[in-house]
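In full-length UniProt numbering, the protein residues as written are 1 to 277. Yeah, the Cβ is synthetic: ideal placement off N, Cα and C, and Gly gets one too. Data first, discussion second: the structure below is written as structure tokens.
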């Protein structure tokens, strides 16, 4: 069984009271895509709505053209991968990530974004990739081993205010075992000394030495990619969504300024052209 150094607790929704006026004025015209194949996409859209942001359900490749940021929700990763393959979404999703557009993966979404995943079912599953990390699928065990824990979130607290901790909900959760040099760790969780990795592993995942770990990473950021092993959409604390929306808006403002500068440059070129009479 997965045992943690944090005490078990019943489901607890920590309300974080924050001024919303400024956030709403910034977000009124924003639209964030939410991959809506399976899993908790409705919950993500509901949180975005609370922040004054429109959530757009994405099920087909062409729908990605209507958004500039994307949330890949939690769910059953193998099922989501099969549905994404059926709808031919993987090429478009990879292009979305490669273009540097903001993407946030939660739980199964984290697995999708990882460059490498271990502990998969026989035959594995297709990944989007882009996030320089190794993730272990169902690291903490099965559905009945789901749990909650208070995790330290200094970056989120510094940016969004509120408590220095976050009550994280882990459901058949993955864990990040290794990260590359460009990946910023936003949160980790300690493991009890008798922690045993889920026994339903492939031969590849048995070689990852995860049994010797004292803690695992559960939230990271790399460029415009954000990933969490837990489910912020299942709590009343909206800080992770606010954090991602700000990431998305900063990229949008940058793109808008770039386009504006480009337009001004073209206009100046027109004015500088010689006039022949």
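Rounded straight-line distance, which links the Cα of residue 93 to that of residue 63
As a working note, residue 63 is residue 63 in the chain shown. As a working note, residue 93 is residue 93 in the chain shown. Rounded to whole angstroms, residue 63 to residue 93 spans 11 Å at the Cα level.
For residue 229 versus residue 157, is the C-beta distance shorter than 8 Å?
Sequence index remark: in the chain shown, residue 229 carries index 229 (1-based). Sequence index remark: in the chain shown, residue 157 carries index 157 (1-based). No, they are not a contact pair.
Complete beta strand (DSSP E) runs within the region 73-107 (minimum length 3 residues, chain order):
103-106
What residue from 166, 72, 49, 134 has the CA that sits closest to residue 149's CA?
For this step, residue 149 is matched to residue 149 along the chain shown. Nearest option by C-alpha distance: 166.
Which full runs of the alpha helix (DSSP H) of 4+ residues lie inside the region 30-74, going along the chain?
41-50
For residue 201, which three-state DSSP category applies?
Start at 1 with the first residue of the chain shown, and residue 201 comes out as number 201. Residue confidence is low: residue 201 scores 41 on pLDDT, short of 50, so the model does not pin down where it sits. Its coordinate-derived value is still stated next. Of the three classes helix, strand and coil, the one that applies to residue 201 here is coil, per DSSP.
If we count Cβ pairs, one from each stretch, closer than 8 Å, do we get three or more for the region 128-141 versus the region 53-71?
no
Which residues in the same chain as residue 168 place their Cβ atom closer than 6 Å to its Cβ, once the five residues preceding and following it in sequence are excluded?
One-based indexing of the chain shown puts residue 168 at position 168. Counting only Cβ-Cβ distances below 6 Å, and skipping sequence neighbours, we find 149, 151, 230.
Own chain, CB closer than 6 Å to residue 247, minus 5 neighbours either side, in chain order:
Taking the chain shown and counting its residues from 1, the one referred to as residue 247 is at position 247. 102.
Residue 98: buried (16+ other C-beta within 10 angstroms of its C-beta) or exposed?
The residue labelled residue 98 in the question sits at position 98 within the chain shown. Classification of residue 98: exposed, given that the 10 Å Cβ count is below 16.
Residue 241, DSSP secondary structure in three states:
Counting from one through the chain shown, the residue named residue 241 turns up at place 241. The answer is helix: DSSP assigns residue 241 an H, G or I state.
Is the Cβ-Cβ distance between residue 74 and residue 109 less than 8 Å?
Here residue 74 corresponds to residue number 74 of the chain shown, with the count starting at 1. Here residue 109 corresponds to residue number 109 of the chain shown, with the count starting at 1. Yes.
Rounded to whole angstroms, how far is the Cβ of residue 106 from the Cβ of residue 232, which I believe are closer than 8 Å?
As a working note, residue 106 is residue 106 in the chain shown. As a working note, residue 232 is residue 232 in the chain shown. About 7 Å; that satisfies the 8 Å criterion.
Residue range of the beta strand (DSSP E) that residue 148 falls in?
On the chain shown, position 148 is the one that residue 148 refers to. That run of the beta strand (DSSP E) goes 147-152.
Can you tell me where the beta strand (DSSP E) holding residue 190 begins and where it ends?
Here residue 190 refers to the residue found at position 190 when the chain shown is read from its first residue. 184-190 is the extent of the beta strand (DSSP E) around residue 190.
Starting from residue 178, trace the beta strand (DSSP E) both ways and give me its first and last residue.
Position 178 of the chain shown, counting from 1, holds the residue named residue 178. It spans 175-179 - the beta strand (DSSP E) in which residue 178 sits, taken as one unbroken run.
Spatially closest choice to residue 48 from 218, 38, 31, by CA coordinates
The residue you call residue 48 lines up with position 48 of the chain shown. Checked all of 218, 38, 31; the closest Cα to residue 48 is 31.
Going by beta-carbon coordinates alone, are residue 142 and residue 170 separated by less than 8 Å?
By 1-based counting over the chain shown, the position of residue 142 is 142. By 1-based counting over the chain shown, the position of residue 170 is 170. Contact: no.
Could you tell me if residue 221 is buried or exposed, where buried requires 16 or more neighbouring beta carbons within 10 angstroms of its beta carbon?
Residue mapping note: residue 221 aligns to position 221 of the chain shown, counting from 1. Buried.
Where residue 114 falls: helix, strand or coil (DSSP)
Numbered from 1 along the chain shown, position 114 holds the residue referred to as residue 114. Correct three-state label for residue 114: strand.
According to DSSP, is residue 234 helix, strand or coil?
Taking the chain shown and counting its residues from 1, one reaches residue 234 at position 234. Note: residue 234 maps to helix in three-state DSSP.
Contact under 8 Å by Cβ, residue 139 with residue 114:
For this step, residue 139 is matched to residue 139 along the chain shown. For this step, residue 114 is matched to residue 114 along the chain shown. Result no, Cβ atoms of residue 139 and residue 114 do not sit closer than 8 Å.
DSSP three-state call for residue 246: helix, strand or coil?
On the chain shown, position 246 is the one that residue 246 refers to. Here residue 246 sits in helix by DSSP.
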